[in-house]
Amino acid sequence: MARGNALEPHARALYCDAVGMTLEPACLQSTRHPWQRASLDGINFEAQRLVEIKCGDKVYALTEAHGAVPDYYVGQLQHILAVTGYASIDFWVWLPGKPALRVEMARDDAYIARMTEAEAAFWARVEAARG
Numbered sequence: 000m001a002r003g004n005a006l007e008p009h010a011r012a013l014y015c016d017a018v019g020m021t022l023e024p025a026c027l028q029s030t031r032h033p034w035q036r037a038s039l040d041g042i043n044f045e046a047q048r049l050v051e052i053k054c055g056d057k058v059y060a061l062t063e064a065h066g067a068v069p070d071y072y073v074g075q076l077q078h079i080l081a082v083t084g085y086a087s088i089d090f091w092v093w094l095p096g097k098p099a100l101r102v103e104m105a106r107d108d109a110y111i112a113r114m115t116e117a118e119a120a121f122w123a124r125v126e127a128a129r130g
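Using numbering that gives the first Met the number 0, read the sequence shown as starting at 0 and increasing by one per residue.
Next up, the structure:
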């Protein structure tokens with residue numbers, strides 16, 4: 000994880016070069032559900048463009064082999080789309096010495112509805128435990 004965090008700025012710069020625009024990291028909070036927040040690896044508000052960056056060996060191998068976002072990242076990406084309201088997000092995977100991989104994931108409103116319901120139930124339990 001530490002290596003991924005160290006590589007992320009360079010991976011973001013490569014992504015920005017590839018798409019021809021600047022994206023900056025940001026932390027956002029949903030206007031609809033104040034408990035719903037997301038840490039974004041890159042966003043361009045004007046273009047409504049998002050990127051989630053990964054720099055690990057396993058995620059690179061899986062993404063390269065299947066040409067798709069690994070299942071264990073789908074929830075994270077859909078959560079980001081829920082918070083932002085955007086239609087899609089790019090999943091950008093990069094390792095030094097290898098070509099970058101880019102997979103676009105579309106918003107899945109049915110998935111987001113189920114996820115948000117589960118998140119709301121969880122947050123209600125957190126609030127109840129607080130007293």
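Glycine included, every Cβ here is placed at the ideal spot set by N, Cα and C.
No experiment lies behind these values; they were computed from the predicted model shown.
_Start and end residues, beta strand (DSSP E) containing D40_ = R36 to N43
*Does DSSP put M20 in a helix, a strand or coil?*
coil
_Where K97 sits in the DSSP three-state scheme_ = coil
_Just to confirm, is the Cβ distance from R101 to A17 under 9 Å?_
Contact: yes.
_Which residues does DSSP list as the beta-bridge partners of Q28?_
In DSSP, Q28 forms a bridge with R36.
*Counting only the same chain and skipping the five closest in sequence on each side, list residues whose C-beta sits under 6 Å from that of L49.*
I42, Y85 and I88
*Below 7 Å CB to CB, which residues in the same chain sit around G74 once its five sequence neighbours on both sides are set aside?*
M114
*asked:* Checking 9 Å against the spacing of the C-beta atoms, do I111 and L80 come in under that value?
replied: yes
*Out of curiosity, what's the CA-to-CA distance linking E63 and M104?*
Distance between the alpha carbons of E63 and M104 is about 15 Å.
*Work out the CA separation of C54 and P98 for me, nearest whole Å.*
12 Å
_A46 - DSSP class collapsed to helix/strand/coil_ = coil
*Apart from the five residues just before and just after Y14, which ones in its own chain have a Cβ nearer than 6 Å to its Cβ?*
The residues V50 and W91, in chain order, have a CB closer than 6 Å to that of Y14 in the same chain once the five nearest residues on each side in sequence are set aside.
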